Amino acid sequence: MQSIVVENIVKTYCVKKTVVEALKEISFTVEKGEIFGIIGPDGAGKTSLFRILTTLLLADSGNASIDGFDVIKDYKQIRNRVGYMPGKFSLYQDLSVQENLEFFATIFNTSIEENYDLVKDIYQQIEPFKTRKAGQLSGGMKQKLALCCALIHKPSVLFLDEPTTGVDAVSRKEFWEMLHRLKLQGITILVSTPYMDEASLCDRVALIQKGEILSINTPKGITKDFKKPLWSVKANEMFRLMNAIKENTEVESCYPFGQYHHVVFISQENVKEKLEEIARKGNFTDFEVQLIEPNIEDCFMALMKE
Amino acid sequence: MRVLKFLLQKELRQIFRDKATIRVLFIMPMVQLLILPLAADYEIKNINLGIVDHDHSEYSRNLSNKIISSGYFRLRDYSPSFQQGIHAIEKDKTDLILEIPSHFERDLVKENEATLFVAVNAINGVKAGLGGAYIQGIIQGYNQDVRMQWIQFPRFDPRPTIEVTFSDWFNPNMNYHVFMVPGILVLLVTIIGSSFASNNIVREKEMGTIEQINVSPIKKWQFILGKLIPFWMLALTVLTFGLTIARLVYGIVPLGHYITIYIFAAIYLLAILGLGLLLSTYAQTQQQSMLVSFFITMIFNLLSGLFTPIESMPVWAQMITKFNPVSYFIEVMRMVVLKGSGLADIRYHILAMIGFAVFFNSWAILNYRKRSG
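Protein sequences appear in the order of chains H and P. By our numbering, the letter at position 284 of the first sequence is numbered 339, and the numbering carries on one by one without gaps. By our numbering, the letter at position 93 of the second sequence is numbered 95, and the numbering carries on one by one without gaps.
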């Protein structure tokens, strides 16, 4: 069963007479119980999409439905069955952890006790601080509380807008573990993130850039679509190395990636030799070159170029 | 209903947790009610008087003494020439000069006629107007005395005289406190009603918490009522607090019923809170809502009839006061406190206020959108 259906959604904003297209004819579907990642840089249109699907924003054209309910006509039903966690922490900072949770349970006509088993795993981690004001929690704790509040009415679809932005690596890992446990409960999760490494944790991902979807596939499928071999090189003078490689007309793309440069060639013959020759000509020392498996970020970079 | 109860509980919790705001809420009326009525007094006393006496006669001395002993004037300057007298005005030493020409006594006795010259510093219009009027009254009285002394009247005075005596109804002692305190109390309640509620909603916008509310199945009216009721209660508490101060400190006991005041205040606050809510649906930041509500309440207050009588305003300004809820409440307050008016006497005011309340609140509810376009 399809949990989220998005068809040709268009959203434009008028900023001082210039029209900005935030979403250009976006379409995708999400199966029930799937973790679907929307991966894209800042300003790609992720938040606009989330706000349309959570009935907070009206699209200019196109249809969207959640669990078969239309986002425009049946917004009342949708509000009962979705959980939304905005990118910006937006709980009451002057209320305590417990008071926040109680409040959000009540406005959805339920109580903490009723759905305690759903949030138990997460809530137990912040329970020691339940009398503390939400504003005084650490970043990771805030996200856990926000997730609890979004879950307390047992939503069938969960919208998480950049839940891990600004959260440390350990908390990010914990957060994703929680999402996988929620998935087991049959909750559909739509999650957006600017971090490419989190894409591999989703069941399927949509790469989005400037309001357009570049590709929708499983993380493995996306990396499999990366047809050409990818080379990773390293030397003592990285910046000069990049310029030297880019001078070669046979190079399709070269971009920095952590400690290495990732290089793709147009033709695939004797690539290793060509790279070594560049290194020899430029008198680079500590030169390393190896063939590597592409990851999501490489695919994203390649798709962006197309 | 359960949702509304929790909304109210949450709202009150937040209000009482914000200690600074609560303190301001109760200190502000106290300070304003204890200081403002004492300062805002229309009666002008201690007008600084300069006398330029060219005559130095018994008559001119008598006149000077009579003016000084009236209690309204303080003799600050006694110059030999008008030039020097004007200099004293320029240095702000005196507000008013009385010039008595030479031969004042002679002219008065011989020709039955003499002239005096009064120059008033009109920078402060109220002081100038009242000072001029006071001194004129005193000189007239002096004139009367002089005539009485001289003329041997026939049995009946051939000149028709009209003597005017005053009786101040509703405020027999012309006590300004009775007049000002209820009015100032109205301003206080207005400020609380219009800015606190609107700021509160805009704060939710700024914090982003309104998104979480909007995405929930909560109803518009529940949300608006959840915001309206706490501040309505708060403003009524401040009103009670203010009426207590008025009673204990100034001994103001309304001639009418407290219930009449409360019934009107309850409706009035619905109107003012509605205005605040309306502002909040337009404002995006707390600065915006503060600035706009400050601007509106200032206009409302200046055109409320508290400081200057509405009847003496130009016609266009009088028209504006018809659309000013504050002027209605101030009038009602004075009617109830001073005249002892009952509900029947203020029925038109109540009707107008219900109109304001319905207008502002429906506009606010219509304009509050859970989703944007």
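By construction, the Cβ of each residue, glycine as well, lies at the ideal position given by its N, Cα and C atoms. Only a predicted model underlies this, so the values are computations on that prediction, with no experimental measurement involved.
Contact set between residue i and chain P, taken where Cβ atoms lie within less than 7 Å
| i | result |
| --- | --- |
| H:PHE158 | PHE8, LYS12 |
| H:LYS131 | PRO219 |
| H:GLU169 | Per Cβ cutoff of 7 Å: no residues; H:GLU169 is ~14 Å from chain P at best. |
| H:ARG134 | VAL217, SER218, PRO219 |
For residue j and residue i, the rounded distance between their alpha carbons
| i | j | result |
| --- | --- | --- |
| H:LYS175 | H:ARG236 | 11 Å |
| H:ILE263 | H:SER116 | 19 Å |
| P:TYR74 | P:VAL122 | 15 Å |
| P:MET300 | P:LEU27 | 19 Å |
| H:ILE64 | H:LYS87 | 21 Å |
| H:ILE146 | P:GLY307 | What sits at residue 146 of chain H in the sequence shown is Leu, not Ile. So the alpha carbons of these two residues sit roughly 44 Å apart. |
| H:ASP149 | P:GLU206 | 12 Å |
| P:GLU165 | P:ILE125 | 33 Å |
| P:GLU101 | P:PHE84 | 7 Å |
| H:ASP172 | P:ALA268 | 46 Å |
| P:TYR370 | P:LEU230 | 14 Å |
| P:VAL33 | P:LEU238 | 18 Å |
| P:PHE172 | P:SER343 | 11 Å |
| P:VAL255 | P:ILE261 | 13 Å |
| P:TYR144 | P:ASN64 | 9 Å |
| P:PHE18 | P:ILE24 | 7 Å |
| P:THR211 | P:ILE49 | 58 Å |
| H:TYR315 | H:GLU343 | 9 Å |
| P:ILE332 | P:GLY131 | 26 Å |
| H:ASN325 | H:TRP286 | 12 Å |
| P:LEU40 | H:GLY98 | 60 Å |
| P:ILE137 | P:PRO316 | 28 Å |
| P:ARG149 | P:TYR61 | 13 Å |
| P:ALA366 | P:ALA135 | 50 Å |
| P:LEU340 | H:LYS72 | 59 Å |
| H:LEU108 | P:ASN216 | 13 Å |
| P:ALA22 | P:PHE198 | 13 Å |
| P:ILE352 | P:TYR330 | 9 Å |
| P:TYR270 | P:LEU281 | 17 Å |
| P:ALA273 | P:ASN201 | 16 Å |
| H:SER166 | P:PRO31 | 40 Å |
| P:HIS259 | P:GLY133 | 39 Å |
| H:LEU202 | H:ALA114 | 26 Å |
| P:SER314 | P:ILE186 | 20 Å |
| P:VAL191 | P:SER66 | 48 Å |
| H:ARG134 | H:LYS128 | 12 Å |
| H:ILE244 | P:LEU245 | 57 Å |
Local conformation of residue i per DSSP, three classes
| i | result |
| --- | --- |
| P:GLU165 | coil |
| P:GLN286 | coil |
| P:GLY276 | helix |
| P:GLN1 | Residue 1 of chain P falls outside the range modelled here, since chain P spans only 3 to 375, and no answer is possible. |
| H:GLN240 | coil |
| P:GLU101 | strand |
| P:LEU305 | coil |
| P:VAL255 | coil |
| H:SER211 | coil |
| H:VAL222 | coil |
| P:GLY131 | helix |
| P:ALA121 | strand |
| P:THR246 | helix |
| P:GLY226 | Rather than Gly, the amino acid found at residue 226 of chain P in this sequence is Ile. In this structure, P:ILE226 counts as helix in the three-state DSSP scheme. |
| H:MET56 | coil |
| H:LYS101 | helix |
| H:LYS415 | With chain H represented from 56 up to 361, any question about residue 415 of chain H goes unanswered, as that position is not in the structure. |
| H:ILE94 | strand |
| P:ASN363 | helix |
Within chain P, partners of residue i - CB distance below 9 Å
| i | result |
| --- | --- |
| H:LEU150 | LYS12, ARG15, GLN16, ARG19 |
Chain H contact residues for residue i, given Cβ-Cβ distances below 7 Å
| i | result |
| --- | --- |
| P:GLU213 | LEU111, PRO141, SER145 |
| P:ASN216 | LEU111 |
Under 8 Å by beta carbon: chain P residues contacting residue i
| i | result |
| --- | --- |
| H:THR161 | ARG4, VAL5, PHE8 |
| H:GLU154 | LYS12, ARG15 |
| H:ASN164 | ARG4, VAL5, PRO219 |
Could you name each continuous alpha helix (DSSP H) segment of 4 residues or more that falls completely within the region 252-326 of chain H, going from the start of the chain to the end? 274-279, 293-302
Segments of 4+ residues assigned as alpha helix (DSSP H) that fall wholly inside the region 150-200 of chain H: 152-162, 171-181
Counting only runs that start and end within the region 3-82 of chain P, where is the beta strand (DSSP E) found for 3 or more residues in a row? 49-55, 75-81
Please name the residues in the region 196-212 of chain P whose beta-carbon is closer than 9 Å to at least one beta-carbon of chain H, in chain order. GLU206, MET209, GLY210, THR211, ILE212
What are the start and end residues of each continuous alpha helix (DSSP H) run of 4 or more residues lying completely inside the region 313-344 of chain P, in chain order? 317-324, 327-336
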